[in-house]
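Chemist: Here's a structure for you.
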Amino acid sequence: MAKITPRSQDFSEWYLDVIREADLADYAPVRGCIVVKPYGWTIYEYMRDYLDKRFKETGHVNAAFPLFIPMSFIQKEAHHVQGFAPELAVVTHGGGEQLEEPLVVRPTSETIVGYSYAQWIKSYRDLPVLINCWNSVVRWEKRTKPFLRTMEFYWQEGHTAHATHEDALAEVLRMLDVYYAHMREDCALPGFRGRKSIHERFAGAINTFSVETMMGDKRSLQSCTSHDLGQNFARAFEIKYLDRDNTEKYCWTTSWGLSWRLLGAVIMVHGDDQGLRLPPKIAPIQVVIVPIFKNDTERAQVFETAEQVSRSLKAAGLRVKLDDRDETPGYKFNDWEMRGVPVRIEIGPKDVANRSVMVARRDLPGKAGKASVSLEGLSEHIHALLGEIHHSLLKQAEDFQNSNIRECFSWEEVKEAVQDGWALAPLEDNPANDEFIREQLTAKTLNFPLDQAEGEWTCVVSGRPVRERALIGKSY
RNA sequence: CGGGGAAUGGCGCAGAUGGCAGCGCGCACGGUUUGGGACCGUGAGGUCCCGGGUUCAAGUCCCGGUUCCCCGACCA
380 MAKITPRSQD FSEWYLDVIR EADLADYAPV RGCIVVKPYG WTIYEYMRDY LDKRFKETGH
440 VNAAFPLFIP MSFIQKEAHH VQGFAPELAV VTHGGGEQLE EPLVVRPTSE TIVGYSYAQW
500 IKSYRDLPVL INCWNSVVRW EKRTKPFLRT MEFYWQEGHT AHATHEDALA EVLRMLDVYY
560 AHMREDCALP GFRGRKSIHE RFAGAINTFS VETMMGDKRS LQSCTSHDLG QNFARAFEIK
620 YLDRDNTEKY CWTTSWGLSW RLLGAVIMVH GDDQGLRLPP KIAPIQVVIV PIFKNDTERA
680 QVFETAEQVS RSLKAAGLRV KLDDRDETPG YKFNDWEMRG VPVRIEIGPK DVANRSVMVA
740 RRDLPGKAGK ASVSLEGLSE HIHALLGEIH HSLLKQAEDF QNSNIRECFS WEEVKEAVQD
800 GWALAPLEDN PANDEFIREQ LTAKTLNFPL DQAEGEWTCV VSGRPVRERA LIGKSY
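The structure is reproduced here in structure tokens:
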């Protein structure tokens, strides 16, 4: 019997149980690191492939940069080194000898990319440079959790260089939208695009944007980031180009990243007491077929239909598994629900006789999600159903998110709202205010949503007049 | 890195006062079963987290360390 702690009882235990029982990942023998098992990695691969396609569609190409970065590179940008120093893994020895200059295991690649860009970019004709990298990075984290915060994590990091700040900023926002679309359309995850507060900015950026998503326990997960690096790294690494007017100018650079943390969001947003619920587009198995029979005669009949259904669904481009294991149907139902398979097809003697099958959808529990469907046009039906499940998951998540955010206009209201959700409140973007929020509420400024009504308010912390509101809540 | 909890078979756990390392699930084999986690029988599987110490004897007591979980500080 699988052991999944009820989500309402202990969210954290539930999360870890799901990861174990759904075969997503194991702990590694190294502190803070995980082994991603095939089922978990396959989900990540689908996420990666969808995202990669979107990068290509927006004109980006992939490349690879070294894992090792000379210590001096990290130190070239003042804020950057200050921000990352506490979490660097440093290689001091190689080949049995002490290194002359220590090498940092990349915590992110702005610096070593900057080095190359300085060589590659000579003229305005070389711009923009739009490159993405799929790699892993290492940050010496104090407190880790599978997928959400591991010492080594897989992600992509985009690095671009532009002639003007206007172009760079457009790129930063374009990629934020790419992430947003990926989350909604591929992962059925809602969220809020917004600008991070000055306090929460990436080390070395002049502006950071994020998508903040509400998890099932009402805490926020920063799902991705997109940074306007201004000319900070261009100056540090001499990334310059000769403009039309024959004068040398510094480039404007950007960087943006999304990690396997988003898989953690998929688990925490969609999962339920039965286990994982996967959005169809990233589900390794979209449809599982469970045959039901009492004897060899029935078995033969049922399998004939089941195999036929399997073939036709596969031909229709669906990822299908016919579960022919020697287990009871009930066991298989629970097993696949735990693994989050969006659609289950049950085929028994009655269905064979009726030339129909029972179709159960993972997003609706029990009988509510179960219906008899004719073999005629089954592929089309399932195809449409998967789309419906996607929208249903997105809607459930979005409704949950929206119903747990309160508009607040006073500190008292914020204080109360943050006990059990998020506050949307007028806030002055001042690190002192962020600090106050953290100390008083153990919550933080998530971001200043980009899509917000204009208005004039009074900051809930400082009391000064402000023109925008921030999302405030507890976060991962 | 501070405070709290934990570590015994793949998973979940039990092992007062030190005295043969156990249970449920899972796994293997055989049989009966199969429309919401079937059952019977047989069997395999253990450096009791690691290293020291006390003792005739340590899963159990003492010291040191590691890892995991929770709450903070720090972060994608």
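With the numbering used here as the guide, the letters of the first sequence map in order to residues 380 to 855.
Just so you know, even glycine gets a beta-carbon here, dropped at the ideal spot from N, CA and C.
Source: prediction; values computed, not measured.
#1: Please name the residue in D703, I664 and W715 whose C-alpha comes closest to that of G696.
#2: Measuring straight from C-alpha to C-alpha, what distance separates C412 and D702?
#3: For the 8 Å Cβ check, are there 3 or more pairs between the segment 785 to 794 and the segment 719 to 727?
#4: Can you tell which of A832, L446 and W631 has the C-alpha that lies nearest to the C-alpha of A613?
#5: Give the DSSP bridge partners of C838, in chain order.
#6: Going by DSSP, which residues form a beta bridge with T539?
#7: Which term fits E591, buried or exposed, when burial requires 16 or more other beta carbons within 10 angstroms of its beta carbon?
#8: Short of 7 Å in beta carbon distance, which residues of its chain neighbour V793, apart from the five on each side in sequence? Order them along the chain.
#9: Is the segment 609 to 626 close to the segment 515 to 531, with three or more CB pairs under 8 Å?
#10: Where do the N-terminal and C-terminal ends of the alpha helix (DSSP H) with Y855 fall, by residue?
#11: In three-state terms, what does DSSP make of K816?
#12: Assuming N586 is part of the beta strand (DSSP E), what are its boundary residues?
#13: Run through DSSP, which three-state label would C412 get?
#14: For N625 and L568, what's the separation of their Cα atoms in angstroms?
#15: Give a yes or no on whether the C-beta atoms belonging to T684 and G636 are separated by under 9 Å.
#16: Apply the 10 Å Cβ neighbour rule to K711 and answer buried if 16 or more other Cβ atoms are within range, or exposed otherwise.
#17: Find out if the Cβ-Cβ distance for the pair D641, S589 is shorter than 9 Å.
#18: Can you tell me which of the three DSSP states E791 falls into?
#19: Are the beta-carbon atoms belonging to D830 and K597 less than 9 Å from one another?
#20: Could you give the DSSP three-state label for I500: helix, strand or coil?
#21: Helix, strand or coil for V797? Go by DSSP, reduced to three states.
#22: Determine the direct distance from the alpha carbon of P659 to that of H769, and round the result to whole angstroms.
#23: At the level of alpha carbons, what is the spacing between M380 and D714?
#24: Residues bridged to E755 by DSSP?
#25: Alpha carbon to alpha carbon, how far is R704 from M426?
#26: Specify, as a first and last residue, the run of the alpha helix (DSSP H) that K524 falls within.
#27: Provide the residue(s) that pair with C603 in DSSP beta bridges, ordered along the chain.
#28: Below 8 Å, can you find three or more Cβ-Cβ pairs linking the segment 428 to 442 to the segment 739 to 756?
#29: Can you say whether K575 is buried or exposed, counting buried as having 16 or more other CB atoms within 10 angstroms of its CB?
#30: For the segment 500 to 514 against the segment 535 to 542, are there 3 or more C-beta pairs whose distance is under 8 Å?
#31: Decide yes or no for the touch test of the segment 669 to 679 against the segment 641 to 652: beta carbon pairs closer than 8 Å, at least 3 of them.
#32: Take T587 as the anchor and find which of R485, L757, N826 and F815 has the nearest alpha-carbon.
#33: Out of curiosity, what's the CA-to-CA distance linking L806 and T824?
#34: Quick check on the DSSP output: what are the complete beta strand (DSSP E) runs of length 3 or more inside the segment 682 to 741, in order along the chain?
#35: I need the straight-line Cα distance from V470 to P810, nearest angstrom please.
Modeler: Based on what the coordinates show:
#1: On the first sequence, residue 696 is found 317 positions in, with the first residue counted as 1. Of D703, I664 and W715, the residue nearest in Cα terms is I664.
#2: Looking up residue 412 in the first sequence gives position 33. Looking up residue 702 in the first sequence gives position 323. Roughly 32 Å separates the two Cα atoms.
#3: Not touching, per the Cβ criterion.
#4: By one-based count along the first sequence, residue 613 stands at place 234. The shortest C-alpha separation from A613 is found at W631.
#5: For the purposes of this step, residue 838 is identified with residue 459 of the first sequence, where counting begins at 1. C838 is not bridged to any residue.
#6: To locate residue 539, count along the first sequence from 1; it is residue 160. Bridge pairing for T539: L509 and T633 [DSSP].
#7: Looking up residue 591 in the first sequence gives position 212. It counts as buried.
#8: Here residue 793 corresponds to residue number 414 of the first sequence, with the count starting at 1. Excluding the 5 residues flanking it on each side, V793 has same chain C-beta neighbours closer than 7 Å at C787, A802, A804, V839 and I851, in chain order.
#9: As far as the Cβ criterion goes, the segment 609 to 626 does not touch the segment 515 to 531, which means the pair count is below three.
#10: Sequence index remark: in the first sequence, residue 855 carries index 476 (1-based). DSSP places Y855 outside any alpha helix (DSSP H), giving it a letter other than H or E.
#11: Residue mapping note: residue 816 aligns to position 437 of the first sequence, counting from 1. With the sequence shown as reference, residue 816 is identified as Ile, and Lys is not the correct amino acid for it. In the three-state scheme derived from DSSP, where H, G and I count as helix and E and B as strand, I816 is classed as helix.
#12: If you number the first sequence from 1, residue 586 lands on position 207. Unbroken beta strand (DSSP E) run through N586: N586 to M593.
#13: Working through the first sequence from its first residue, we reach residue 412 at position 33. Of the three classes helix, strand and coil, the one that applies to C412 here is coil, per DSSP.
#14: Within the first sequence, numbered from 1, the residue matching residue 625 stands at position 246. Within the first sequence, numbered from 1, the residue matching residue 568 stands at position 189. C-alpha separation (whole angstroms): 47 Å.
#15: Taking the first sequence and counting its residues from 1, one reaches residue 684 at position 305. Taking the first sequence and counting its residues from 1, one reaches residue 636 at position 257. At least 9 Å separates the beta-carbon of T684 from that of G636.
#16: Mapped onto the first sequence, residue 711 falls at position 332. Under the 10 Å beta carbon count, K711 is surrounded by 16 or more other beta carbons and is classified as buried.
#17: Reading the first sequence from its first residue, position 262 is the one you call residue 641. Reading the first sequence from its first residue, position 210 is the one you call residue 589. The residue you asked about is not Asp; residue 641 is Leu in the sequence shown. Against a cut-off of 9 Å, the Cβ pair of S589 and L641 comes out as no contact.
#18: Counting from one through the first sequence, the residue named residue 791 turns up at place 412. Reduced to three states, the DSSP call for E791 is helix.
#19: As a position in the first sequence, residue 830 is number 451, starting the count at 1. As a position in the first sequence, residue 597 is number 218, starting the count at 1. Cβ atoms of D830 and K597: not closer than 9 Å.
#20: Mapped onto the first sequence, residue 500 falls at position 121. It is coil, neither helix nor strand.
#21: Translated into the one-based positions of the first sequence, residue 797 becomes position 418. The answer is helix: DSSP assigns V797 an H, G or I state.
#22: Taking the first residue of the first sequence as 1, we reach residue 769 at position 390. Taking the first residue of the first sequence as 1, we reach residue 659 at position 280. Spanning the alpha carbons of H769 and P659 requires a straight line of approximately 6 Å.
#23: Along the first sequence, one-based indexing puts residue 380 at 1. Along the first sequence, one-based indexing puts residue 714 at 335. Residue confidence is low: M380 scores 48 on pLDDT, short of 50, so the model does not pin down where it sits. No coordinate-derived value is stated.
#24: Here residue 755 refers to the residue found at position 376 when the first sequence is read from its first residue. Beta-bridge pairing links E755 to no other residue.
#25: Numbered from 1 along the first sequence, position 325 holds the residue referred to as residue 704. Numbered from 1 along the first sequence, position 47 holds the residue referred to as residue 426. Using only the alpha carbons, I get a separation of about 29 Å.
#26: As a working mapping, residue 524 is identified with position 145 in the first sequence. Run containing K524: none; DSSP gives neither H nor E here.
#27: Residue mapping note: residue 603 aligns to position 224 of the first sequence, counting from 1. In DSSP, C603 forms a bridge with V590.
#28: Result no; under three Cβ-Cβ pairs closer than 8 Å.
#29: Here residue 575 refers to the residue found at position 196 when the first sequence is read from its first residue. It is buried - the Cβ of K575 has at least 16 other Cβ atoms within 10 Å.
#30: Short answer: they touch.
#31: Counting Cβ pairs under 8 Å, fewer than three are found: no touch.
#32: On the first sequence, residue 587 is found 208 positions in, with the first residue counted as 1. When only C-alpha atoms are compared, the closest one is N826.
#33: As a position in the first sequence, residue 806 is number 427, starting the count at 1. As a position in the first sequence, residue 824 is number 445, starting the count at 1. Answer to the nearest angstrom: the Cα atoms are 9 Å apart.
#34: Listed in chain order, the beta strand (DSSP E) runs fully inside the segment 682 to 741 are 699 to 701, 722 to 726 and 735 to 740, counting runs of at least 3 residues.
#35: Translated into the one-based positions of the first sequence, residue 470 becomes position 91. Translated into the one-based positions of the first sequence, residue 810 becomes position 431. The alpha-carbon separation between V470 and P810 amounts to approximately 34 Å.
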